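Residue numbers (our numbering): 40 to 314.
Just so it is clear, CB atoms sit at the ideal spot from N, CA and C, and this is done for glycine as well.
No experiment lies behind these values; they were computed from the predicted model shown.
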Ligand SMILES: CCCCCCCCCCCCCCCC(=O)SCCNC(=O)CCNC(=O)[C@H](O)C(C)(C)COP(=O)(O)O
Ligand SMILES: Nc1ncnc2c1ncn2[C@@H]1O[C@H](COP(=O)(O)O)[C@@H](OP(=O)(O)O)[C@H]1O
């Protein structure tokens, strides 16, 4: 299979981690009663969701550029061509993230799929339905006048307190978590080994201890910029945990697989085009 797709065994191995995680989350959800599986992490407002996943591409970019900045001085695989390839893959993945979740000649791909499969934003109040070309009256009687729309984004629908329902809604979380983690794992593997991560972790612990002793800017700066592998490893742990939580609690199984399929598409294109 890996040979047919022209990807390495390692890339194929990384790709299998995602359906396994989603399947595990799904099985746990089936096996456990809601009381046990509902916890802090299953709230949409939990800090890891709001601060990290919802800003997922920002964090991906920050740790990626920290990594790239360290590569020339610390990786034995660093050369002009590998650095260029890496940067192109990041740009390709970023473009795909934008197209899928932010903008694609109008609505982003995930919202286009939802609308084309019969979904809409409904239950919109008159105060929010200002642009009449985008909203139509959904129900009107003496008590309430509500609008619906098939031409606004899911983000806008959420912002105006509408209800996004009715269509096939591919998961944005599964998409960003798998796209980001695949990109970061493959970029780390391009330049470093597991042994490098262990060495960096040991140095990181020493550097942290030094910072707590001195609490100076001089010891804080290296702590922030010299340990990208450690920060990426920590982010990956969070990403897989959040993917597991999404798999347990949000979306249908098929919508999660659709989110994953779109992230595979982006990574596969970036590998085939730029590697
Ligand atoms: C020598 C030291 C060098 C240090 C270098 C650091 C340099 C850092 C450079 C940073 C460059 C940033 C460039 C990228 C900019 C961004 O990505 S900004 C965008 C941030 N926004 C996000 O990340 C949003 C992510 N969220 C979503 O896409 C969606 O919310 C979702 C997760 C897909 C879910 O969809 P919902 O509809 O919300 O459910
Ligand atoms: N791991 C997780 N933790 C908390 N909330 C999650 C989550 N995964 C998905 N969600 C929430 O479930 C909804 C569907 O997610 P998505 O379509 O991106 O996969 C989103 O709600 P909101 O749109 O109200 O933020 C999202 O925040």
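With C-beta atoms as the reference, is residue 209 less than 8 Å away from residue 138? no
Closer than 8 Å is the cut-off here; do at least three beta carbon pairs connect the stretch 201–221 with the stretch 86–101? yes
Report yes if the C-beta of residue 128 is less than 7 Å from at least one heavy atom of ligand 1; otherwise report no. no
Looking at residue 110: is its Cβ nearer than 8 Å to the Cβ of residue 230? yes
May I have the straight-line CA-CA distance separating residue 102 from residue 193, to the nearest angstrom? 28 Å
Distance, Cα to Cα, residue 129 vs residue 201? 34 Å
Nearest-angstrom Cα distance between residue 108 and residue 263? 12 Å
Tell me whether residue 278, by its Cβ, gets closer than 7 Å to a heavy atom of ligand 1. no
Beta-carbon proximity of residue 189 to residue 159, cut-off 8 Å: yes
N- and C-terminal bounds of the beta strand (DSSP E) containing residue 233: That residue, residue 233, is in no beta strand (DSSP E); its alpha helix (DSSP H) goes 233–253.
Which residues are close to ligand 2, meaning CB closer than 5 Å to any heavy atom, in chain order? 83, 88, 210, 211, 212, 281, 284, 285 and 289
In angstroms, rounded to a whole number, what distance separates the CA positions of residue 68 and residue 241? 37 Å
Would residue 105 and residue 267 be called neighbours here (beta carbons separated by less than 8 Å)? yes
Considering only the alpha carbon of each residue, which of 183, 161 and 220 lies closest to residue 195? 161
What is the DSSP secondary structure of residue 114, reduced to helix, strand or coil? coil
Spatial neighbours of residue 269 in its chain, beta-carbon cut-off 8 Å, leaving aside the 5 residues before and after: 236, 239, 240 and 243
Between the beta-carbon of residue 157 and the beta-carbon of residue 206, is there less than 8 Å? yes
Helix, strand or coil for residue 142? Go by DSSP, reduced to three states. coil
Between residue 42 and residue 87, what straight-line distance do the alpha-carbon atoms span, to the nearest angstrom? 38 Å
For my contact list, residue 185 and residue 154 are in at a C-beta cut-off of 8 Å; report their separation, rounded to the angstrom. About 19 Å; that fails the 8 Å criterion.
Given a cut-off of 8 Å on the beta-carbon distance, is the pair residue 65 and residue 286 in contact? yes
When we look at the beta-carbon of residue 295 and count the other beta-carbons within 10 Å, is it buried (16 or more) or exposed? buried
Indicate, with yes or no, if ligand 1 has a heavy atom lying under 7 Å from the CB of residue 198. no
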